[in-house]
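Undergrad: Below is one structure. I have some questions about it.
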Amino acid sequence: MARKAFVGGNWKCNGSMADIQRLTEMLNAGEYHDNVEVVVAPTMIHILPVMQALKVPVGVSAQNCYFEKFGAFTGELSTEILVDAGTEVRHPRPL
Numbered sequence: 002m003a004r005k006a007f008v009g010g011n012w013k014c015n016g017s018m019a020d021i022q023r024l025t026e027m028l029n030a031g032e033y034h035d036n037v038e039v040v041v042a043p044t045m046i047h048i049l050p051v052m053q054a055l056k057v058p059v060g061v062s063a064q065n066c067y068f069e070k071f072g073a074f075t076g077e078l079s080t081e082i083l084v085d086a087g088t089e090v091r092h093p094r095p096l
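Right, here's the structure in full:
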């Protein structure tokens with residue numbers, strides 16, 4: 002069985018709410034195929050608005066996560082917090 006192609010877009014530290022609206026509208030207007038996995042990685046603060054705005058099979062990824070489950074770790078987000086927000090945690094597969 003052939004692997005799916007993967008297309009990912011990391012937004013780095015870019016994007017205002019107006020940019021997010023524009024980008025999600027463009028993504029919602031796109032055509033998607035079952036043999037291609039499309040994922041975007043917005044800034045942490047934009048993950049939930051992007052997830053709510055997307056109406057198409059485009060995954061939303063965190064750019065980073067912290068290895069501790071909970072604690073006094075300023076500026077960090079654990080996988081537990083990301084799952085609670087509705088994201089899916091997966092281990093990257095080798096290319």
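Just so you know, we're using this note's numbering here: the sequence shown kicks off at 2 and counts up by one. All residues carry an ideal CB built from backbone N, CA and C; glycine is no exception.
1) Apart from the five residues just before and just after GLU69, which ones in its own chain have a Cβ nearer than 7 Å to its Cβ?
2) Can you look up ASN11 in the DSSP assignment and give me helix, strand or coil?
3) Leaving out the 5 sequence neighbours to the left and right, which residues in its chain are closer than 7 Å to LEU83 when beta-carbon positions are compared?
4) According to DSSP, is ALA54 helix, strand or coil?
5) In three-state terms, what does DSSP make of GLU32?
6) Please classify ALA6 as buried or exposed, where buried requires at least 16 other C-beta atoms within 10 Å of its C-beta.
7) Pull up the distance between the alpha-carbon of ILE43 and that of ASN11, whole angstroms please.
8) Helix, strand or coil: which one does DSSP assign to ALA19?
9) Look at the Cβ atom of ALA19, then the Cβ atom of ILE48, and state whether they are nearer than 9 Å.
TA: In brief:
1) SER79
2) strand
3) ALA63, CYS66, VAL90
4) helix
5) coil
6) Burial call: exposed.
7) The residue you asked about is not Ile; residue 43 is Pro in the sequence shown. Their backbone Cα atoms lie some 6 Å apart in a straight line.
8) helix
9) Cβ distance not < 9 Å, so ALA19 and ILE48 don't count as in contact.
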